[in-house]
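In what follows, a single structure is set out as structure tokens and then discussed.
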Amino acid sequence: MSAAPSIADNLRFTLEVLKGPHAGMKLEFDKGTISIGRGVENDVVLANDPRVSRQHAEIKQSLGQFYLVNLSQKNFVLLNGQNIATEKMESKAVLQIGESEIRFTVQGSTNLLEPISPAAVVVPLKAEAPAARPSAAPGPRPQQAPAFPPPPVSPGMPAGFNASSMPRPPSGPSSGGGLFANRKFVMYAVIALMVVLFVLANAGKKTKKVEDRPFRTEEELGVARQEAENEIKAFQERKERMNQQIYQKAYENFLRGYRDYRQGQYLRARESFQVVLNLDPENELARRYMNLSKIRFDELVKFNMLQGRRYLEKQNYRMCKARYQTVMTMLGYDPSSPEYKEALMMHKQCSVALEGRY
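Next up, the structure:
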């Protein structure tokens with residue numbers, strides 16, 4: 039007979055009774071599943087609590103996650119003040135079973151959940167570019183010599199006479215004919231004249247076109263107004279017809295999704311409600327039922343996973359295999375889903391154990 043594959047080591051956890059007939063009791067476990075109840079066959083025996091059932095609750099752990107399951111048909115189980123049937127449980131959670139309040143603590147959970155602070159990264163500073171040297175101050179420019187040297191002093195002139203103070207003869211007329219001798223000036227003047235003539239010609243044409251255009255009569259205005267009103271009316275009718283079709287389609291998908299939700303077909307219900315939101319994004323009722331469908335679907339997956347684990351521990355390998363097969367079918371055989379990977383692994387384990395029995 040081949041042995042079943044081994045399961046990872048379980049985490050150690052502590053249960054401490056805070057209130058109730060068994061206040062002060064503290065127990066420590068490292069098992070995959072423990073039971074709580076009034077009967078002596080349980081791991082945690084609350085015999086003095088009259089409101090505790092014989093087998094009241096179970097604590098299961100799977101892949102480092104803890105789940106609290108209510109086994110009683112009559113009595114409730116509270117997790118942090120909330121009534122639950124099957125729920126994931128964190129460290130430091132408070133359970134209430136009957137009149138007893140119990141604190142659940144996972145040993146070493148603080149260190150496991152402590153975030154790792156990232157190492158400081160030293161960014162080197164960029165080297166500053168050397169400052170540009172100031173350019174050398176320009177030296178003194180040599181003094182330019184005068185264009186024309188002063189005339190020499192003749193012997194007959196009196197002393198102190200300045201030749202530059204003498205009046206100069208008037209300059210003769212410059213050759214070239216004044217402004218019209220400059221070719222650039224003539225060219226610019228011709229271009230400006232052409233531009234002015236072109237603008238005046240176009241302005242005359244536009245004025246003539248405006249004057250020649252006939253005014254529309256009252257009948258023509260009435261026809262144009264009627265055509266515009268007909269186009270607006272046709273557009274409004276097309277819009278109303280489109281809105282009615284969208285509303286009808288959204289209503290049909292909502293009814294289909296609600297029916298699937300009531301029958302427990304949560305995956306199909308989510309698809310129908312998503313179609314409604316695509317057609318009508320402001321439909322709050324469809325959004326609410328879509329979120330509820332997702333929550334119910336996740337709870338159903340967890341429930342089947344826990345039931346499969348329970349059947350495996352009780353060596354009912356056929357039911358164990360069936361439960362995990364149901365989970366894989368619900369998840370659509372999605373290999374990227376962590377729940378699908380776990381269900382596939384446990385399904386193989388149950389299959390190997392079932393083949394080894396026969």
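Whatever position you read off the sequence shown (first residue = 1), add 38 for my numbering. Glycine residues also receive a C-beta, built at the ideal position from the N, C-alpha and C atoms.
Item: Which of helix, strand or coil DSSP assigns to residue 78; Value: coil
Item: Rounded distance between the beta-carbons of residue 103 and residue 126, thought under 8 Å; Value: 6 Å
Item: Residue 325 beta carbon less than 8 Å from that of residue 315; Value: yes
Item: Beta-carbon spacing of residue 95, residue 107 below 8 Å; Value: yes
Item: Euclidean distance between Cα positions of residue 120 and residue 281; Value: 44 Å
Item: Residue(s) in a DSSP beta bridge with residue 116; Value: 121 and 134
Item: Pair within 8 Å by beta-carbon distance, residue 284 and residue 323; Value: no
Item: Extent of the continuous beta strand (DSSP E) run through residue 397; Value: The structure shown does not extend to residue 397, since the chain spans only 39 to 396, so no value can be given for it.
Item: Residue span of the beta strand (DSSP E) that contains residue 57, given as start and end; Value: 51–57
Item: Touch test, the stretch 51–66 against the stretch 82–89, Cβ-Cβ under 8 Å, three pairs minimum; Value: yes
Item: Within 8 Å, strictly: CB atoms of residue 305 and residue 341; Value: no
Item: Enclosing beta strand (DSSP E) for residue 95 [first to last residue]; Value: 95–100
Item: For residue 387 and residue 350, the rounded distance between their alpha carbons; Value: 9 Å
Item: Three-state secondary structure assigned by DSSP to residue 126; Value: strand
Item: Residue 320, enclosing alpha helix (DSSP H) - first and last residue; Value: Unbroken run through residue 320: none, as it is neither H nor E.
Item: Inter-residue CB distance, residue 392 and residue 356 (contact presumed, cutoff 8 Å); Value: 6 Å
Item: Span of the alpha helix (DSSP H) around residue 64; Value: Per DSSP, residue 64 belongs to no alpha helix (DSSP H); it is in the beta strand (DSSP E), 64–67.
Item: Contact under 8 Å by Cβ, residue 91 with residue 73; Value: no
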